[in-house]
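First comes the structure, then the notes that go with it.
Numbering (the UniProt record's numbering), first residue to last: 1 to 609.
Now the structure itself:
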């Protein structure tokens with residue numbers, strides 16, 4: 001691969017931001033091949049989530065002119081969409097580009113919408129969105145979805161399209177769970193992963209409308225005990241900074257703690273342990289950073305975040321199958337079960353994903369019928385049944401280009417931007433796009449894209465690990481709406497990007513040496529170890545092997561396998577991925593070890609206690 005492809009924009013999941021550059025992957029600026037066991041190691045799966053979240057973080061519909069391997073072609077930029085990821089479309093290096101960045105305090109160039117069927121004004125595009133193009137795009141969807149499912153093996157997908165307040169398409173494909181007959185239909189509820197961020201943004205916009213908060217409210221105004229590692233930054237962080245991923249926190253900060261069973265309060269309290277990058281000029285896709293902003297809004301309101309969203313947004317819009325609580329998803333009879341990709345075109349229901357700790361960032365569940373209602377309100381400037389519901393100014397602020405999340409790498413490139421919970425970009429035809437992708441590596445891929453100039457939007461939800469199927473659908477559809485042609489093989493394009501994240505790049509990914517160095521006596525490793533981030537764990541001797549026990553509030557455990565010398569491997573428990581990662585002991589000479597470093601934990605060095 002050459003140049004750069006913002007995978008995070010194309011991916012979403014547990015979520016993090018990843019960029020493929022040359023022959024290696026950069027995660028929030030740190031080349032993967034340089035990530036080794038250490039106090040700030042970033043787990044690959046966590047990175048995927050962010051990246052997926054990133055795809056998540058960037059609208060996929062707005063991809064750029066990049067070949068399937070990630071290299072930019074000489075053709076004009078394509079369309080835009082988009083996490084893991086958690087983890088958006090620019091024209092050149094990513095799907096979500098934007099022609100001009102404007103301050104959130106400046107008046108927008110245009111606030112109306114280009115009329116369908118008429119020549120679009122220059123403020124929108126040199127290409128027109130016509131009824132014929134829309135009809136042809138809708139007619140192509142059945143074959144488009146079937147092709148994506150056949151080529152990727154994703155077990156179930158649901159799709160909906162809205163235009164000018166009318167639902168043009170709503171359909172389910174495949175099955176809710178592999179091995180069972182129940183079919184996916186438009187009412188099937190999926191976990192949304194990072195698409196939750198855009199819904200959360202509209203919930204904040206509604207709170208702004210109701211004068212509960214403003215986007216510029218400081219977090220400490222409502223959460224006085226909140227703190228980051230830099231007191232000056234702590235005093236300045238606004239709700240808007242949290243939703244724009246510009247607090248300076250590292251990508252995916254705290255994600256693995258959720259996997260180990262810690263709740264929202266615990267994870268947010270540990271954000272103070274991370275060193276910060278420059279405030280407001282650094283974009284790092286951070287699930288718990290955005291969740292912090294949601295918690296500030298909830299504190300100002302006096303209700304929980306989940307209840308606020310349900311009462312003020314979901315219920316009034318008529319989103320009867322939507323919730324920010326995992327328990328509500330579990331209680332649905334018609335729900336899609338998440339499926340992990342165990343091999344090419346082979347998805348199995350192996351895991352569960354309770355995203356309640358980061359509900360604003362990844363915890364919403366919904367179906368395409370409800371998502372169509374939500375897109376209709378957003379595309380109509382916040383109106384509900386013709387009446388003002390969410391202030392248009394608050395929505396415009398949400399969809400403004402507040403930070404560059406995909407910088408140009410050539411003078412012909414368009415930059416990609418992030419608003420407040422949404423990717424903002426410009427397509428090759430000059431149309432502004434709003435969108436996001438969502439991805440849980442353990443079994444969810446989602447994507448939506450809106451073209452506000454045409455008042456048209458598409459959403460695609462799936463129940464399989466992210467492999468680019470839903471992004472290909474939303475991007476291909478948007479291509480057809482804008483140009484009448486699908487500009488590239490998007491299944492191949494997104495599949496190649498996501499494929500990089502199924503490669504284990506841990507320091508113990510390769511087989512151990514043929515003649516490994518001997519370990520110390522197992523009893524020299526046994527004992528309790530702790531730090532302020534993960535808490536206390538126990539290394540215990542079990543027969544002729546070691547085991548880590550007592551991880552997190554649920555006291556998770558996993559065996560260790562000797563790798564080389566003081567290095568062991570394990571599969572971190574609690575949904576943090578199925579990869580082997582390193583567990584490295586140190587100190588004590590040839591006697592009892594004094595510390596252990598867990599590669600799967602961002603702040604992973606624990607001292608013997």
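Where a beta carbon is used, it is the ideal one built from N, C-alpha and C, also for glycine.
- Distances from the CA of residue 130 to each of 470, 181, 435, 483 were compared; the closest alpha carbon is that of 483.
- The alpha carbon of residue 235 has as its nearest neighbour, out of 199, 217, 244, the alpha carbon of 217.
- Contact between residue 391 and residue 214 does not hold, since the beta-carbon distance rounds to 11 Å and is not under 8 Å.
- Shown here for residue 177: same chain residues with a beta carbon closer than 6 Å to its own, the five before and five after excluded, namely 337, 349 in chain order.
- Where residue 608 is concerned, the enclosing beta strand (DSSP E) starts and stops at 605-608.
- As the crow flies, the alpha-carbon of residue 385 is around 9 Å from that of residue 165.
- Residue 357 sits buried, since 16 or more C-beta atoms from the chains shown fall within 10 Å of its C-beta.
- Cβ-Cβ distances below 6 Å link residue 293 to 239, 242, 243 in the same chain, with the five nearest sequence neighbours on each side left out; the list follows chain order.
- Secondary structure at residue 548: strand, using DSSP grouped into helix, strand and coil.
- A Cβ-Cβ separation of about 5 Å places residue 370 in contact with residue 321 under the 8 Å criterion.
- Rounded to the nearest whole angstrom, the C-alpha separation of residue 352 and residue 303 is 27 Å.
- Counting only runs of at least 3 residues, the segment 460-526 fully encloses no beta strand (DSSP E) element at all.
- Under the 8 Å Cβ criterion, the segment 156-175 does not count as touching the segment 422-442, having fewer than three qualifying pairs.
- DSSP places residue 431 in the coil class of the three-state scheme, outside both helix and strand.
- The beta carbons of residue 477 and residue 458 sit closer together than 8 Å.
- Of the candidates 422, 525, 595, the residue whose Cα lies closest to the Cα of residue 542 is 525.
- Sequence-distant partners of residue 382 (beyond 5 residues in either direction) whose C-beta falls short of 8 Å from its own C-beta, in its chain, are 205, 209, 388, 389, 390, 391, 392, 394, 395.
- The closest CA to that of residue 156, considering only 461, 197, 359, is found on 461.
- Beta-bridge partners assigned by DSSP to residue 450: 434, 457.
- Residue 409 sits in coil when the DSSP states are folded into three classes, being neither helix nor strand.
- Burial is judged here by how many other beta carbons sit within 10 angstroms of a residue's own beta carbon; residue 554 has fewer than 16 and is exposed.
- Per the coordinates, the alpha-carbon of residue 433 lies some 10 Å from the alpha-carbon of residue 422.
- By the Cβ-count criterion, residue 503 is exposed, with fewer than 16 other Cβ atoms from all chains shown falling within 10 Å of its own Cβ.
- Here DSSP, grouped into helix, strand and coil, assigns residue 233 to helix.
- Just so you know, the alpha carbons of residue 327 and residue 364 end up roughly 11 Å apart.
- Looking at the DSSP output, residue 272 bridges to nothing.
- Judged by DSSP in its simplified three-state form, residue 243 adopts helix.
- In the assembly as shown, residue 414 is a buried residue. Its beta-carbon has 16 or more other beta-carbons within 10 Å.
- Within 10 angstroms of the beta-carbon of residue 281 lie fewer than 16 other beta-carbons, which makes it exposed.
- Between residue 552 and residue 194, the gap from beta carbon to beta carbon reaches 8 Å or more.
- Here residue 530 has 536, 537, 606, 607, 609 as same chain residues with Cβ atoms under 8 Å from its own Cβ, once five neighbours each way along the sequence are excluded.
- Within the segment 140-222, the runs of beta strand (DSSP E) at least 3 residues long that lie entirely inside it are, in chain order, 156-163, 166-174.
- Around the Cβ of residue 409, a 10 Å sphere holds fewer than 16 other Cβ atoms; the residue is exposed.
- Under the 8 Å Cβ criterion, the segment 508-521 counts as touching the segment 572-581, having at least three qualifying pairs.
- Residue pairing by DSSP places residue 535 opposite 531 in a beta bridge.
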